[in-house]
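Counted the way UniProt numbering counts, the sequence shown spans residues 1 to 251.
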Amino acid sequence: MDVHNLDNEKRCQNFADIFTYKDSKEHISFSIINIKKRTVLTLSTKYEWHLQYWDSGLYRRLDERLHHGVHLWNTFSDEHCNISKKYLHNANKIDICTKHDDYFELFSFTSNKHLSPSAIMALGQLKPKVSKVANQLWFDKKDITLPMFDHLQHNSIPTLPITKIVHTNKIQFGDVILTAKEMATIHCLLELKSIKEIARYHHCSEANERKRVNVIKEKFNCANLPLSFLFNALRIQGVTLACLDAYIMSQ
């Protein structure tokens with residue numbers, strides 16, 4: 001299919017009518033990549049970006065993005081960073097990728113604002129709706145698929161684990177080992193829940209929950225420091241991303 005296909009342009013416009021707010025600088029793209037059939041279906045609320053992405057040949061590096069989970073664009077290759085600087089003016093861009101049998105769903109969100117953990121969680125909840133709308137727009141498709149590049153092999157798409165299961169109730173991030181309850185506390189903190197709410201969740205006293213938070217801080221070398229230091233340490237160690245993956249992929 002020609003990337004400039006008028007039918008696909010119309011579908012992108014319909015997609016934008018549903019998911020674009022007035023004067024918003026945020027935009028989304030949604031793609032289904034069928035590994036077995038080697039085809040791609042894609043929609044974007046910003047049709048110009050859709051054309052720039054495909055005309056630049058960046059789709060040849062699509063395999064970099066096909067990893068189940070949540071991924072920031074600044075972790076991809078220089079080609080992705082360069083096109084982001086040129087056309088998106090260094091906007092924050094994130095992929096939420098899920099694997100389903102022989103295909104991947106790739107939900108991409110771009111914003112000129114900082115993407116907080118709570119914002120990314122909200123995007124995870126939005127993804128099923130985006131998928132449903134996209135499939136409705138594609139329902140009457142004729143020839144709107146794009147061929148995949150030749151060198152992408154199904155077996156060449158690895159998983160990138162960022163956690164290690166130490167025991168059944170413990171998880172390791174680098175040199176840090178967390179218990180299941182500590183991970184649950186971190187989940188709650190990232191959801192901006194109060195100590196009182198977390199204590200209620202664990203059926204314990206607020207004093208015990210504060211002790212647990214302090215133990216977590218000590219493990220990440222930020223004892224007696226504000227939570228902002230802990231959040232930064234969690235981000236650096238990959239804990240935040242793992243929590244977001246677990247939350248979003250369960251939706």
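C-beta atoms are modelled at their ideal positions from N, C-alpha and C, and glycine is treated no differently.
Put Ser31 into one of helix, strand or coil per three-state DSSP.
Taking the first residue of the sequence shown as 1, we reach residue 31 at position 31. DSSP places Ser31 within a strand segment (E or B) once states are collapsed to three.
Please classify Asp17 as buried or exposed, where buried requires at least 16 other C-beta atoms within 10 Å of its C-beta.
Numbered from 1 along the sequence shown, position 17 holds the residue referred to as residue 17. Exposed: under 16 other Cβ atoms inside 10 Å.
Would you mind working out which of Ala184, Arg210, Asn74 sits nearest Lys196, comparing C-alpha positions?
Mapped onto the sequence shown, residue 196 falls at position 196. Considering only Ala184, Arg210, Asn74, the residue with the shortest C-alpha distance to Lys196 is Arg210.
Sub-8 Å separation of Ser118 and Leu192 beta-carbons
Translated into the one-based positions of the sequence shown, residue 118 becomes position 118. Translated into the one-based positions of the sequence shown, residue 192 becomes position 192. For Ser118 and Leu192, yes; Cβs fall inside 8 Å.
With DSSP run on the structure shown, which of helix, strand or coil describes Glu191?
Walking along the sequence shown from the start, residue 191 turns up at place 191. DSSP places Glu191 in coil when its eight states are reduced to three.
Tell me whether the segment 201-208 and the segment 230-239 touch, counting them as touching only if at least three CB pairs, one residue from each stretch, are closer than 8 Å.
Result no; under three Cβ-Cβ pairs closer than 8 Å.
For Tyr47, collect the residues of the same chain with a Cβ closer than 8 Å to its Cβ; drop the 5 residues on either side in sequence, then sort them by chain order.
Here residue 47 is taken as the residue at index 47 of the sequence shown, counted from 1. Here the set comprises Glu9, Cys12, Gln13, Ala16.
Excluding five sequence neighbours on each side, which residues of the same chain lie with their C-beta closer than 6 Å to the C-beta of Phe76?
Within the sequence shown, the letter at position 76 stands for residue 76. Counting only Cβ-Cβ distances below 6 Å, and skipping sequence neighbours, we find Glu64.
Which residues share a DSSP beta bridge with residue 279?
In this structure the chain extends from 1 to 251, so residue 279 is not present and cannot be described.
In the structure shown, what three-state DSSP assignment does Lys10 receive?
The residue labelled residue 10 in the question sits at position 10 within the sequence shown. Here Lys10 sits in helix by DSSP.
With three or more beta-carbon pairs closer than 8 Å as the criterion, would you say the segment 109-124 touches the segment 83-100?
Yes: the two stretches touch, three or more of their Cβ pairs being nearer than 8 Å.
Ala180 classed as buried or exposed, judged by whether at least 16 other C-beta atoms fall within 10 angstroms
To locate residue 180, count along the sequence shown from 1; it is residue 180. It counts as exposed.
Compare the beta carbon distance of His187 and Cys222 with 8 Å and say whether it is the shorter of the two.
Position 187 of the sequence shown, counting from 1, holds the residue named residue 187. Position 222 of the sequence shown, counting from 1, holds the residue named residue 222. Cβ distance not < 8 Å, so His187 and Cys222 don't count as in contact.
Residue span of the alpha helix (DSSP H) that contains Ser84, given as start and end:
By 1-based counting over the sequence shown, the position of residue 84 is 84. Residues 78-88.
Taking its Cβ as the centre, do 16 or more other Cβ atoms sit within 10 Å of Phe139, making it buried, or is it exposed?
Along the sequence shown, read from residue 1 onward, the residue named residue 139 stands at position 139. Phe139 comes out exposed.
Rounded to the nearest angstrom, what separates Ser131 and Leu189 at their Cα positions?
Walking along the sequence shown from the start, residue 131 turns up at place 131. Walking along the sequence shown from the start, residue 189 turns up at place 189. So the alpha carbons of these two residues sit roughly 29 Å apart.
Go to His71, then tell me how far its alpha helix (DSSP H) extends in each direction, as first and last residue.
Taking the sequence shown and counting its residues from 1, one reaches residue 71 at position 71. Not the alpha helix (DSSP H): His71 falls in the beta strand (DSSP E), residues 69-72.
Roughly how many angstroms separate the alpha carbons of Trp73 and Ser116, rounded to a whole number?
To locate residue 73, count along the sequence shown from 1; it is residue 73. To locate residue 116, count along the sequence shown from 1; it is residue 116. When only Cα atoms are considered, Trp73 and Ser116 end up about 15 Å apart.
Where Trp49 and Leu6 are concerned, what is the direct C-alpha to C-alpha distance, given to the nearest angstrom?
For the purposes of this step, residue 49 is taken as the residue at position 49 of the sequence shown. For the purposes of this step, residue 6 is taken as the residue at position 6 of the sequence shown. Looking at the two C-alpha atoms, the distance is approximately 15 Å.
Give the straight-line distance between the Cα atoms of Asn208 and Pro128, rounded to the nearest whole angstrom.
Taking the first residue of the sequence shown as position 1, residue 208 is located at position 208. Taking the first residue of the sequence shown as position 1, residue 128 is located at position 128. Linking Asn208 to Pro128 through their CA atoms gives a straight-line distance of about 37 Å.
If you check the beta carbons only, do Ser56 and Leu106 fall under 8 Å apart?
To locate residue 56, count along the sequence shown from 1; it is residue 56. To locate residue 106, count along the sequence shown from 1; it is residue 106. Remark: C-beta atoms of Ser56 and Leu106 do not approach each other more closely than 8 Å.
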